[in-house]
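The structure appears below as structure tokens.
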Amino acid sequence: MALATTQNYTKETIKLVKHFGELKISGTVLTDYERHAMALMALGLNPYNTNGENYIEKIISSFDGKQFGDVNEDNDDIFALIVLTNAGYTVEDKMIADDISFVLGRQRENGSWDESVDMTGAGIQALANFSPTPGVGESLDKAKKFLKQSQKKNGGWDENTSSTAWAIQGLNALGEELEDWKMDGNTPLDYLTTIQDVDGGIKNENLENRIWQTAYVISALSGKTWNQIMQNFEKVESLTVTEQPKQIAIKPKIIKPKPKNLVNQNTATAINSLAPESEPKTEESGWFSKLIYKIFSIF
Numbered sequence: 000m001a002l003a004t005t006q007n008y009t010k011e012t013i014k015l016v017k018h019f020g021e022l023k024i025s026g027t028v029l030t031d032y033e034r035h036a037m038a039l040m041a042l043g044l045n046p047y048n049t050n051g052e053n054y055i056e057k058i059i060s061s062f063d064g065k066q067f068g069d070v071n072e073d074n075d076d077i078f079a080l081i082v083l084t085n086a087g088y089t090v091e092d093k094m095i096a097d098d099i100s101f102v103l104g105r106q107r108e109n110g111s112w113d114e115s116v117d118m119t120g121a122g123i124q125a126l127a128n129f130s131p132t133p134g135v136g137e138s139l140d141k142a143k144k145f146l147k148q149s150q151k152k153n154g155g156w157d158e159n160t161s162s163t164a165w166a167i168q169g170l171n172a173l174g175e176e177l178e179d180w181k182m183d184g185n186t187p188l189d190y191l192t193t194i195q196d197v198d199g200g201i202k203n204e205n206l207e208n209r210i211w212q213t214a215y216v217i218s219a220l221s222g223k224t225w226n227q228i229m230q231n232f233e234k235v236e237s238l239t240v241t242e243q244p245k246q247i248a249i250k251p252k253i254i255k256p257k258p259k260n261l262v263n264q265n266t267a268t269a270i271n272s273l274a275p276e277s278e279p280k281t282e283e284s285g286w287f288s289k290l291i292y293k294i295f296s297i298f
């Protein structure tokens, strides 16, 4: 989702659009499909039909009448709200209203979800979309207090890049200014500057973790929430078959060879929506622009 925060890397984004446009995943848990749907929507790919897969249907089919996925977990419910908000669902949909109630009920007395800064930041993002709903405003206030009480003296959270990034996006959802979040004079941005490596990425000996953490930070520093990074799609109702199909005569099918590198209409639409590529002038860019330039220049 980091690439979707900027229009400066069209070539690299097109590569991802083509990759995700041809990719099918076999998820083992609901959050696999939710994360994949978020990536598709950030790239402008329709989650209702990408490569013949309906990822929204995979999410809503897990609803048991009260919540999504595993009844013992709330992360899948939080991410369901985030995805479905951009897929045309509103609080007027019963499953959304019920899931909001479930998520509210899972909030701890101290304002957190699961005693986790990460999930509290995610929970804030999910519920901020429904702030007029009774109980949500109070819940967001409690979650904000939890983040305030959990912030470290270095300005970050949990001595952890990912937690700090997710907390920042929660603050973005609340409309908070990061300069107002100081501990011993340090803001969350001050903490992040201490863990940036010379090449622009986040310091971590594990390359895979380094890439993930850098991507989280880019999304957070864009000033956007996940819902603001993702594009919006119209709601598509599930079709119900009410009658048997008529029998028709089968005619021989002439199979024509497909041209190479053919992309489906969904992928083509996403690619065409991208702005013309414009490489940033890094010497005139701020820290955020330099960071994404250095990381994405490897593609």
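Quick note, the sequence shown lines up with residues 0 to 298 if you use numbering that gives the first Met the number 0. Every residue, glycine too, gets a C-beta built ideally from N, C-alpha and C.
Per DSSP, cross-strand counterpart(s) of residue i
i: Ser115; result: Trp112
i: Asn185; result: Met182
i: Phe299; result: Here the chain has residues from 0 to 298 only, and residue 299 is not among them.
i: Gln212; result: None; Gln212 has no bridge partner.
i: Gln195; result: Ile201
Neighbourhood of residue i by C-beta, 6 Å cutoff - its chain only, sequence neighbours within 5 removed
i: Thr268; result: none
i: Ser100; result: none
i: Ser161; result: Gln212, Tyr215
i: Lys141; result: Gly110
i: Ile270; result: Ile13, Val16
i: Ile55; result: Pro46, Tyr47, Ala86
i: Ala125; result: Ile77, Leu80, Ile81
i: Leu238; result: Model confidence at Leu238 stands at a pLDDT of 47, short of 50, so the residue's coordinates are unreliable; what they give is reported in the following sentence. Hits under 6 Å: none found.
Own chain residues within Cβ distance below 8 Å of residue i, not counting five before or after
i: Ile167; result: Gly120, Leu177, Pro187, Ala219, Leu220
i: Lys147; result: Trp180
i: Asn85; result: Met40, Asn226, Met229, Gln230, Asn231, Phe232
i: Lys151; result: Asp157, Glu158, Met182, Tyr190
i: Pro251; result: Unreliable positioning characterises Pro251 in this predicted model, as indicated by a pLDDT of 44, which lies under 50. The coordinate reading is nonetheless provided below. Once the five neighbours on either side are set aside, Pro251 has no close Cβ partner at all.
i: Thr193; result: Asn153
7 Å CB neighbourhood of residue i in its chain, flanking five on each side removed
i: Asp31; result: Ile24
i: Asp98; result: Gln66, Phe67, Asp76, Ala79, Leu80
i: Thr163; result: Gly155, Trp156, Pro187, Tyr190, Leu191
CB contact flag (residue i, residue j, <7 Å)
i: Ala36; j: Val102; result: no
i: Ser60; j: Phe67; result: no
i: Ile123; j: Gly169; result: yes
i: Ile217; j: Ala1; result: yes
i: Asp73; j: Arg34; result: no
i: Val90; j: Phe145; result: no
Test: residue i CB closer than 7 Å to a CB of chain D
i: Asn74; result: Reference to chain D is not applicable here, since this structure consists of a single protein chain.
Open item on the list: Any contact between the segment 223-238 and the segment 184-192? By contact I mean 3 or more CB pairs, one from each, below 8 Å.
Closed with: Inter-segment contact for the segment 223-238 and the segment 184-192 is absent: fewer than three beta-carbon pairs are separated by less than 8 Å.
Task: Three CB pairs or more closer than 8 Å across the segment 118-125 and the segment 73-87 - done: Judged by Cβ distances under 8 Å, the segment 118-125 makes contact with the segment 73-87, as three or more pairs qualify.
Task: Contact the segment 190-199 vs the segment 9-27: 3+ CB pairs below 8 Å - done: No, the segment 190-199 does not touch the segment 9-27.
Task: Every unbroken alpha helix (DSSP H) within the segment 11-64, with a cutoff of 4 residues, ordered by chain - done: Annotation note: the segment 11-64 contains the following uninterrupted alpha helix (DSSP H) runs of length 4 or greater, listed N- to C-terminal: 29-41, 54-59.
Task: 4 or more residues per run - each alpha helix (DSSP H) lying fully within the segment 128-192 - done: Whole alpha helix (DSSP H) segments, 4+ residues: 135-149, 160-173.
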